[in-house]
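Here's the structure we're looking at; comments come further down.
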Amino acid sequence: MPIKRCVYTFNNRPADEKYARILGIPLYDLHDAFISHPLGQKIDGELFINSPQKINHDHSITFYSEIIPNKFIDVLGLGDTKQIMAETREKMGMKPSTLLSINCVLRDLYFKKHGKWREVFASLDELNGKEAGYVSAGEQYNFDHCNQTMVMLGIE
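Under the UniProt record's numbering, the first residue of the sequence shown carries the number 1, and numbering increases by one thereafter.
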């Protein structure tokens, strides 16, 4: 079965129209809102982020990753960067000697656009000050592609 990355309708309405209506914005502003409002779908209790790529001429939306048909999805908003990074540091439960971080390119674009990289680097420095990282095109997790994510590997 081919991977479905294009959504034609949400609740029997054209995908672009419904997405814009949920966000309370005009249709012509929808593309600019994609980076701040990706979709989320829960699979086996895990939240997978699916970022829209483009609006098509037929009012469908193409996504960077697979959208499973007939699944409930949520339009997400982005949380507070400082708070999320603090929670992530706490969940690590250790102070690693070295840290490797991998960020999705869409997070990189968002952080650049909104000046958030400084907050992220400051938070990582609180862990140890020795980190390396790079920007990727998303992550594979249990055979699913997801994006707008950050993966960290802490080494004691």
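A virtual CB, placed ideally from N, CA and C, is assigned to each residue, including glycine.
Touch check for the stretch 86 to 101 and the stretch 39 to 54: three-plus C-beta pairs under 8 Å?
no
Tell me, please, whether the stretch 79 to 89 touches the stretch 109 to 127 by the rule of three or more beta-carbon pairs shorter than 8 Å.
Taking a cut-off of 8 Å for Cβ pairs, the stretch 79 to 89 and the stretch 109 to 127 touch, as three or more such pairs fall below it.
Which residue comes first and which comes last in the alpha helix (DSSP H) that contains Ala15?
15 to 23
Considering only residues of the same chain and omitting the five flanking positions on each side of Arg21, which have a CB-CB separation below 6 Å?
none
Please name the residue in Met85, Gly93, Phe72 whose C-alpha comes closest to that of Gly40.
Phe72
Just the Cα atoms here: how many angstroms apart are Tyr110 and Pro38?
Answer to the nearest angstrom: the Cα atoms are 12 Å apart.
According to DSSP, is Lys54 helix, strand or coil?
strand
Using DSSP's beta-bridge definition, name the partner residues of Ile68.
Partner(s): none; Ile68 has no beta bridge.
Taking only the alpha-carbon atoms, compute the straight-line gap between Glu90 and Glu131 and give it to the nearest angstrom.
17 Å
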